[in-house]
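Position 369 of the sequence shown, counting from 1, maps to 369 under the UniProt record's numbering, and the rest follow consecutively. Presented below is the structure to which this report refers.
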Amino acid sequence: MKEFKLLPCSYEVEATILGSILSDSKFLNDVLEIIDTNDFYKESHKIIYSIFLDLFSQNIKIDLITVAEALRKIDSLKQCGGITYLSQMTESVLRTNDIKAYAEIIKEKSNKRKIIKIANELLEKGYNAKLNSKEIISDVEENLCSLVLNTEDRMCNIDLVMDTTLRLLENNYKNGGGITGTSYGFNEIDRVTSGLQKQDLIIIAARPSMGKTTLAVNIGNYVAKTKQVAIFSLEMSKEQLVQKKLSATALVEYEKIRSGKLDGKEWDKIASASGHIASLKLRIDDTAAQSVNIVKAKCKKLKAQSGLDLIIIDYLQLMQGNGEKNREQEISTISRGLKAIAKELNITVIALSQLSRAPEQRSDHRPMLSDLRESGSIEQDADVVMFLYRDEYYNNETEDKNIAECIIGKQRNGRVGTIKLAWLGQYQMFANLDVIHSGR
Numbered sequence: 001m002k003e004f005k006l007l008p009c010s011y012e013v014e015a016t017i018l019g020s021i022l023s024d025s026k027f028l029n030d031v032l033e034i035i036d037t038n039d040f041y042k043e044s045h046k047i048i049y050s051i052f053l054d055l056f057s058q059n060i061k062i063d064l065i066t067v068a069e070a071l072r073k074i075d076s077l078k079q080c081g082g083i084t085y086l087s088q089m090t091e092s093v094l095r096t097n098d099i100k101a102y103a104e105i106i107k108e109k110s111n112k113r114k115i116i117k118i119a120n121e122l123l124e125k126g127y128n129a130k131l132n133s134k135e136i137i138s139d140v141e142e143n144l145c146s147l148v149l150n151t152e153d154r155m156c157n158i159d160l161v162m163d164t165t166l167r168l169l170e171n172n173y174k175n176g177g178g179i180t181g182t183s184y185g186f187n188e189i190d191r192v193t194s195g196l197q198k199q200d201l202i203i204i205a206a207r208p209s210m211g212k213t214t215l216a217v218n219i220g221n222y223v224a225k226t227k228q229v230a231i232f233s234l235e236m237s238k239e240q241l242v243q244k245k246l247s248a249t250a251l252v253e254y255e256k257i258r259s260g261k262l263d264g265k266e267w268d269k270i271a272s273a274s275g276h277i278a279s280l281k282l283r284i285d286d287t288a289a290q291s292v293n294i295v296k297a298k299c300k301k302l303k304a305q306s307g308l309d310l311i312i313i314d315y316l317q318l319m320q321g322n323g324e325k326n327r328e329q330e331i332s333t334i335s336r337g338l339k340a341i342a343k344e345l346n347i348t349v350i351a352l353s354q355l356s357r358a359p360e361q362r363s364d365h366r367p368m369l370s371d372l373r374e375s376g377s378i379e380q381d382a383d384v385v386m387f388l389y390r391d392e393y394y395n396n397e398t399e400d401k402n403i404a405e406c407i408i409g410k411q412r413n414g415r416v417g418t419i420k421l422a423w424l425g426q427y428q429m430f431a432n433l434d435v436i437h438s439g440r
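Set out below in structure tokens:
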């Protein structure tokens, strides 16, 4: 015979908290950030707590009379046990220190009920032939992630914030006013941005063939010399990315590497470069159409196993959405999710992004923030937005041969402007501008 199991709950704890608030409404302030109406299991307790919240929002005193009257107005007084039950609940009054612990008990049991619900839904979906496993996994991850969001208490006294701020300032002073984050590997970008900052979402956007993947790979290579980097390549295969890395590191033309038409000297260069690349603290995942939740889960695992400092997404519009009505809403959700990953894991996130066709229709083809494709929320969520532009792509007569412009279109904590980089397309690399003049 199948054993029947009761869902996790505690009527006694729920009643004790409600009774304490009825006796002294100041207790409501202690539990507001811990529990909400749906965390109560007993239906009558949900109704009573919702009345507390209504009275609180209207600045009406919470006591036996006001609560009973509010319940009577919605024809729920009898359902909630009447005045007798409300009076009985006030007999167990908690001390201030205890009520938070009791609220945590209610929250814990509520979370367990939610986990059980998710598990039951998972079981049902598993038997549904119309759903594929990736959809099911994505849904479950999203539901589970929602249980742990906002559980950390971020409220902090100003004296503690001042202490950490002064330590940060001292470190920056010792650094001689140089970059405060991790170097991009490009002097001028470092000078303007102060380096890659933890918890930042950085967008690198460009029209096709401008080199956004190449720039991201170059940055990843440089950072991975000393820090842990993960690249999520939703468009190119792992092998294609490594070919780009080989070309840039060995200084062997990319087309020769792709075709295999190499001489002995070039093979020697590749052999030497391959050893260098293999030593990088770098992981590549070329799974197509990954969702934000899947990327987040993988990043959490990497962070726990070996640490993680930077992730690169190539590219944002290829990420799997959550089935919202239009693509603009999906992209908004994706960009917010990537920013949340940066904050929660205390890492830097670089996401590549497509642009609309608007630059092609202007006489000046340089991109602007309004060109970000499919969503203005990308601009809002990003801490830094960089655009790539190469004039020689549009103008054969340009004086800026082999030069790319890195246009800082937005920087939340710094200035905007344009930085010029050397473009060595044959080697799939960008470099500091003095490389051209040094004849490399």
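Note that CB positions come from ideal geometry on N, CA and C, so glycine has one too.
Annotation: K227 to T348 spans about 11 angstroms, alpha carbon to alpha carbon. CA-to-CA, the gap between D200 and K78 works out to about 54 angstroms.
Taking K100 as the centre and dropping the five residues before and after it, the same chain places the C-beta of D30, V31 and I34 closer than 8 angstroms to its C-beta, in chain order. Unbroken beta strand (DSSP E) runs of no fewer than 3 residues, entirely contained in the segment 185-237, are found at 201-205 and 229-233, following chain order.
About 5 angstroms separates the beta carbons of D314 and S233, which is inside the 8 angstroms limit, making them a contact pair. Contact annotation: the segment 392-406 does not touch the segment 241-248, with fewer than three C-beta pairs closer than 8 angstroms.
Burial state of P367 is buried, judged by a 10 Å Cβ sphere holding 16 or more other Cβ atoms. Put simply, the segment 107-116 does not touch the segment 69-84. Fewer than three CB pairs are less than 8 angstroms apart. Three or more beta-carbon pairs separated by less than 8 angstroms are not found between the segment 251-270 and the segment 294-310, which leaves the two stretches without contact.
Boundaries for K61: no alpha helix (DSSP H) harbours it, and the DSSP string shows neither H nor E there. Within the same chain, Cβ atoms closer than 6 angstroms to the Cβ of Y427 are found at S247, A248 and L251, the five residues on either side in sequence being excluded.
A residue is called buried when at least 16 other Cβ atoms come within 10 angstroms of its Cβ; K238 does not meet this threshold and is exposed. Around the beta carbon of V384, 16 or more other beta carbons lie within 10 angstroms, which makes this residue buried.
By a beta-carbon distance limit of 8 angstroms, L369 does not contact S353. Their separation comes to about 11 angstroms. In the DSSP annotation of this structure, the continuous segment of the alpha helix (DSSP H) that includes T84 starts and ends at G82 to M89. R207 counts as buried, since no fewer than 16 other beta carbons sit within 10 angstroms of its beta carbon. Rounded to whole angstroms, the separation of the alpha carbons of A278 and V223 is 14 angstroms. DSSP places E255 inside the alpha helix (DSSP H), whose first and last residues are Y254 to S259. Shown here for H276: same chain residues with a beta carbon closer than 8 angstroms to its own, the five before and five after excluded, namely T249 in chain order.
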